[in-house]
Structures are given as structure tokens and as C-alpha cells.
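S.K.: Supplied in C-alpha cells, the structure appears directly below.
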Ligand SMILES: C[S@@+](CC[C@H](N)C(=O)[O-])C[C@H]1O[C@@H](n2cnc3c(N)ncnc32)[C@H](O)[C@@H]1O
């Protein structure tokens, strides 16, 4: 069965690493991601941020931006997928970024690769939490909090999966394709991280929220919305004719300048005093 998302838990085993890397880079290249970095992440990059760890970095788009913004910081970017890290390494070389170091590391395994560089002024992760079980998240958050230097921040940039929406003339089709009522959205994935950060002894920073939106029907939104439609057709929620109506309709909206896709991301963060 076609899944609306690549299998991010096991990209190398599923053979989807390269496709997922292209998808992540397409998202990172969209103008909304540049604005999101400025609004959610840049305020965390105080002058005294010298050691940064990114967990589940994918193509290291976030780490590359952090490294460029803070050239005197050392950024350690870790991911379990070798395929993702290959693209990350190629991009680091292409962009001639000298302060981002990659590590192949499954964070569910022993933490030595990260601990060699601790303590950190910033530990950050973007859209990785949904790929852990509730028990794993409850164990990982306090562990990561312990790796912070005094004054250090543990931060998550996470999608609020209740909030995605698409403008479409036939209002039922997006409902059938996005199928929100069938989604297993777990309470601990996004805003639910706040109690865990508090429980780990951190002082919560004010939540920041950002509407990631695309008006251009660019490569990332085409891939996301196309894959959702493929999955809907596969589970027989829509017909072949509706699949075509969706693709053609989105293209027509884009050509008219009326395409809209939006999803809210939240920054959930806590500081070690
Ligand atoms: C949705 S992608 C997000 C990538 C990147 N943070 C971004 O926002 O572009 C999720 C990433 O988490 C990684 N990942 C999933 N489980 C992991 C684990 N146990 N240890 C390390 N990385 C993991 C995947 O390989 C993938 O690169």
C-alpha cells in the first residue's frame, strides 16, 4: 500500500532515503522555510551559542543554516540514515560550510557519539519526534536535557498535524484525501512536549508558532499532496477520476495564483538554568 509519507523510521532499509532527502531539501528550499528559520530558530542563536547538536538532521538543512549564521559555533548533526547523510555531506561541501560535522547515529542506541561533544548550548530537532514511541520520547527528552550546558536550550520544531489545509473548489475532496479523521496524531508529538521539558527540569520558553505556507505549488507541496492523493486512491477513498481532478485542479489554482497549502509548526523549547 502507498503511504502518504516515506518510512522515516527506516529510510535506508525501505530504500526511500534518496527520495526522502529530495523531499526534505525541496521543503528546506521553499521560501517559507527560510522565514520559519528566522522566526523560530534564529532567536535561539545568541552570540554565546558555541556547541550545537541537531538530532535527526536529515539533509542537515537546519544545521547548515545554523552553521552559516554562527560561523564560530561547532554544529554536530546526527541521523540514523546513511542515505540522508550522503546528501547532507554533498550539500555541506557544495556550500563550503566548515563548522557542521555529521554523525551516523541512531538516537535509540547508546549515546556515545553525541556525548563526546557535550555539553551543548543548543540541542535541536525538527520533525523527528513522530518517529518515536511515547515511551521512547519520555525517555529521550530527559536524557537530552542532561546534555545541556547551564543556560543551554533544548528545542523542537514540530508540525501541528491538526492544522494542514488546502484550498480546493470541491471541499469534500481535500477531506477525503487528507483524511484527518483517520490519522493517529499522538498528544505527545508537538505541544505535548511542553510537560516533558518541564518534567526534565527545564524552564519553558514562550511557544512560537509559524504558518508554513506555499502559494507556488512548488516541488515539496506537489510531492506531499500528490503522495496523499496516491494513498487515498490506493485505499479506495477516491476514484481515478477524482485523483485527476485533484492534480489538475491544484495546477489550475496555481496557474491562477490561487494555490494555498498551509501547516502550522510550533517551536517548543526549554532552558537549563
Ligand atoms: C521527517 S525527517 C526530518 C529531517 C530534518 N530534521 C528536517 O526537518 O528536514 C525525519 C528524520 O529523522 C531521522 N530519524 C528517524 N528515526 C531516527 C533515529 N532513531 N535516530 C536518528 N535519526 C532518526 C530520519 O532518518 C529522518 O532523516
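Residue numbers (my numbering): 151 to 423. Backbone N, C-alpha and C define an ideal beta-carbon position, used for all residues, glycine too. None of these values were measured; they are calculated from a predicted model.
In the region 289-351, which residue ranges form an unbroken alpha helix (DSSP H) of at least 4 residues, counting only runs that do not cross its ends?
M.R.: 322-328, 343-349, all fully within the region 289-351.
S.K.: Taking the continuous beta strand (DSSP E) assigned at residue 185, which residues delimit it?
M.R.: Note, residue 185: premise wrong, no beta strand (DSSP E); alpha helix (DSSP H) at 181-186.
S.K.: What does residue 203 pair with, by DSSP beta-bridge criteria?
M.R.: In the DSSP output, where bridge partners are listed per residue, residue 203 has 226, 273.
S.K.: Are residue 340 and residue 293 touching if we call contact CB-CB under 8 Å?
M.R.: Taking 8 Å as the Cβ cut-off, residue 340 and residue 293 do not qualify as a contacting pair.
S.K.: Kindly indicate which residue of 401, 200, 238 has the alpha-carbon position closest to the one of residue 366.
M.R.: It is 401 whose Cα lies nearest to the Cα of residue 366.
S.K.: With distances taken from CA atoms, which of 286, 191, 417 is nearest residue 259?
M.R.: Closest option to residue 259, Cα to Cα, is 286.
S.K.: Among 272, 325, 281, 387, which one has its Cα closest to the Cα of residue 300?
M.R.: Of 272, 325, 281, 387, the residue nearest in Cα terms is 272.
S.K.: Mark residue 201 as exposed unless 16 or more other C-beta atoms lie within 10 angstroms of its C-beta, in which case mark it buried.
M.R.: Answer is buried; the Cβ neighbour count reaches 16.
S.K.: Should the region 370-385 be called in touch with the region 349-357, which here means at least 3 C-beta pairs below 8 Å?
M.R.: The region 370-385, when compared against the region 349-357, does not touch it at the 8 Å Cβ threshold.
S.K.: Buried or exposed: where does residue 361 fall if 16 or more other Cβ atoms within 10 Å of its Cβ makes it buried?
M.R.: When all chains shown are included, residue 361 counts as exposed.
S.K.: In three-state DSSP terms, what is residue 418?
M.R.: Looking at residue 418 - three-state DSSP - the assignment turns out to be strand.
S.K.: Cβ-heavy atom distance between residue 305 and ligand 1 below 7 Å?
M.R.: False, no ligand heavy atom lies under 7 Å from that Cβ.
S.K.: Which of helix, strand or coil does DSSP assign to residue 168?
M.R.: Helix, per DSSP.
S.K.: For residue 282, which residues from the same chain have a beta carbon less than 7 Å from its beta carbon, with the 5 sequence-adjacent residues on both sides left out?
M.R.: So the list reads 290, once near-sequence residues are dropped.
S.K.: Return the chain-ordered list of same chain residues with a C-beta closer than 7 Å to the C-beta of residue 357, the five sequence neighbours on each side being excluded.
M.R.: Once the five neighbours on either side are set aside, the close Cβ partners of residue 357 are 416, 417, 418.
S.K.: Classify residue 284: buried if its beta carbon has 16 or more other beta carbons within 10 angstroms, exposed otherwise.
M.R.: Classification for residue 284: exposed.
S.K.: Measuring from the CB of residue 237, is there a heavy atom of ligand 1 at a distance below 7 Å?
M.R.: It does not: the Cβ of residue 237 is nowhere closer than 7 Å to a heavy atom of ligand 1.
S.K.: How about residue 277 and residue 307: are their beta carbons less than 8 Å apart?
M.R.: Yes. Within cutoff.
S.K.: Over what stretch of residues does the alpha helix (DSSP H) that includes residue 214 continue unbroken?
M.R.: Residue 214 -> alpha helix (DSSP H) spans 211-219.
S.K.: Any heavy atom of ligand 1 inside 7 Å of the beta-carbon of residue 340?
M.R.: Residue 340: no, Cβ never under 7 Å from ligand 1.
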